[in-house]
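So for the sequence shown, the working numbering puts the first residue at 319; every next one is plus one. Heads up, the beta-carbon is just placed ideally off N, CA and C, and yes, glycines get one too. Heads up: the structure comes next, in structure tokens.
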Amino acid sequence: MKTLLIICTVLILVVVFFVVSDRRFHAGFVKMAEEIRTANKLADPESITEASLAGLPEVVARYMRYSGLVGKKQISAVRWLHSGTFRPAANREFFPIKGAYYVTANKPSFCWYGKISMAPGLSVAAFDSYYDGNGRMRIKIMSAFTLADEQSEFTDISSFGRMVIEMAILPSFFLDSERISWINSDSASAECLIKDSGMQTSAKLSFSTEGALEKIEVDRYYGNDENQQTLEKFTGIAHGKRNHNGIILPEIFDGYWNLKTGDLHYVHFIVDSVEYQ
Numbered sequence: 319m320k321t322l323l324i325i326c327t328v329l330i331l332v333v334v335f336f337v338v339s340d341r342r343f344h345a346g347f348v349k350m351a352e353e354i355r356t357a358n359k360l361a362d363p364e365s366i367t368e369a370s371l372a373g374l375p376e377v378v379a380r381y382m383r384y385s386g387l388v389g390k391k392q393i394s395a396v397r398w399l400h401s402g403t404f405r406p407a408a409n410r411e412f413f414p415i416k417g418a419y420y421v422t423a424n425k426p427s428f429c430w431y432g433k434i435s436m437a438p439g440l441s442v443a444a445f446d447s448y449y450d451g452n453g454r455m456r457i458k459i460m461s462a463f464t465l466a467d468e469q470s471e472f473t474d475i476s477s478f479g480r481m482v483i484e485m486a487i488l489p490s491f492f493l494d495s496e497r498i499s500w501i502n503s504d505s506a507s508a509e510c511l512i513k514d515s516g517m518q519t520s521a522k523l524s525f526s527t528e529g530a531l532e533k534i535e536v537d538r539y540y541g542n543d544e545n546q547q548t549l550e551k552f553t554g555i556a557h558g559k560r561n562h563n564g565i566i567l568p569e570i571f572d573g574y575w576n577l578k579t580g581d582l583h584y585v586h587f588i589v590d591s592v593e594y595q
């Protein structure tokens, strides 16, 4: 009886430990989301009009109209939830994932919290972010034991590129003429330079004939099996169409590393809900 009591007590303590660890790790995401929301707040958002599209490549202006932005107030922040699958490495299978994003455009940033189900009772939690020129990536088993906590020049650049990809959910970002310079375009694509907090990257956006965003290509650092960082192309591909209170967005996002050995399908995210703020 005493032995059983000890076992039950230990099990309860273990469960409490993991519950508390999970809440603490997620609380870090909530705290950062609030910080970037406060820093990003617009005092009096302007309405987007046809005049707001002046100077854009025609293919980008068509994308703005398709997205339903014309006639609406400038949108500078979004919280969205997703489900889907994630592949941690080229030699691994896809695992189920659920996650939450907070993305801002007035002060470009993102923070993301995701939980990957590796097996029954076993999860890996990740908290990635880009804010004010700094990127960070944290990964923990069961939200308790650190697998990675990366902060470096490589992480800054890679996170900055990821931030640009995430702006597919916040299309009004591409109206920012102070940070974005359009350098090349045709009837189906446009290329731009994007600057923020001392960072700079190029991005190529491709569109359907209807005006929908189909993909965004950026440069990001990829960590290989030898723990080496190499600058590679990363492509976000958008599928489907969903109306979120008048804003037309894709319903699925796939991410691919475009490596010399071939394309690596990395993530498959399904947009479950979107809340603009």
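For residue j and residue i, believed in contact at Cβ under 8 Å, the rounded distance
i, j, result
"Gly-402", "Phe-525", "With 8 Å as the limit, Gly-402 and Phe-525 do not qualify as a contact, their Cβ atoms being about 23 Å apart."
"Ala-506", "Ile-512", "Wrong, their Cβ atoms sit about 20 Å apart, outside the cutoff."
"Ser-499", "Asp-450", "Actually they are not in contact, since the Cβ atoms of Ser-499 and Asp-450 sit about 21 Å apart, beyond 8 Å."
"Lys-533", "Thr-553", "6 Å"
"Arg-454", "Glu-468", "7 Å"
"Ser-370", "Leu-493", "6 Å"
Residue i - containing alpha helix (DSSP H), residue span
i, result
"Thr-473", "471-484"
"Met-382", "376-384"
Residue i and residue j closer than 8 Å at C-beta
i, j, result
"Leu-531", "Ala-556", "yes"
"Phe-491", "Ala-423", "yes"
"Ile-415", "Lys-433", "yes"
"Gly-386", "Gly-529", "no"
"Trp-398", "Ile-487", "yes"
"His-400", "Val-589", "yes"
"Ser-435", "Phe-413", "yes"
"Gln-595", "Ala-395", "yes"
"Pro-489", "Tyr-584", "no"
"Tyr-539", "Ser-591", "no"
"Phe-428", "Tyr-448", "yes"
"Ser-503", "Pro-375", "yes"
"Met-517", "Asp-474", "yes"
"Phe-343", "Ser-461", "yes"
"Val-388", "Glu-368", "yes"
"Arg-341", "Pro-426", "no"
"Ser-495", "Gly-373", "yes"
Range of the contiguous beta strand (DSSP E) that encloses residue i
i, result
"Ala-443", "440-449"
"Lys-513", "507-514"
"Pro-414", "413-422"
"Lys-433", "427-437"
"Asn-502", "498-503"
Any C-beta of chain D under 8 Å from that of residue i
i, result
"Gly-417", "No chain D is present in this structure, which holds just one protein chain."
Neighbour-count burial assignment, residue i, 16 or more Cβ in a 10 Å radius
i, result
"Asp-558", "Residue identity check: residue 558 is Gly in the sequence provided, not Asp. Exposed, since its Cβ has fewer than 16 Cβ neighbours within 10 Å."
"Leu-440", "exposed"
"Asn-409", "exposed"
"Phe-463", "exposed"
"Val-338", "exposed"
"Lys-458", "buried"
"Thr-527", "exposed"
"Arg-456", "buried"
"Ile-354", "buried"
"Ala-379", "buried"
"Asn-358", "buried"
"Pro-568", "buried"
Which residues DSSP lists as bridging residue i, in chain order
i, result
"Gln-547", "Gly-541"
"His-586", "Thr-403, Asp-572"
"Leu-531", "Phe-525"
"Glu-468", "Met-455"
"Glu-593", "Arg-397"
"Ser-365", "Lys-391"
"Asn-561", "Ile-566"
"Ile-555", "Lys-533, Asp-572"
"Leu-371", "None; Leu-371 has no bridge partner."
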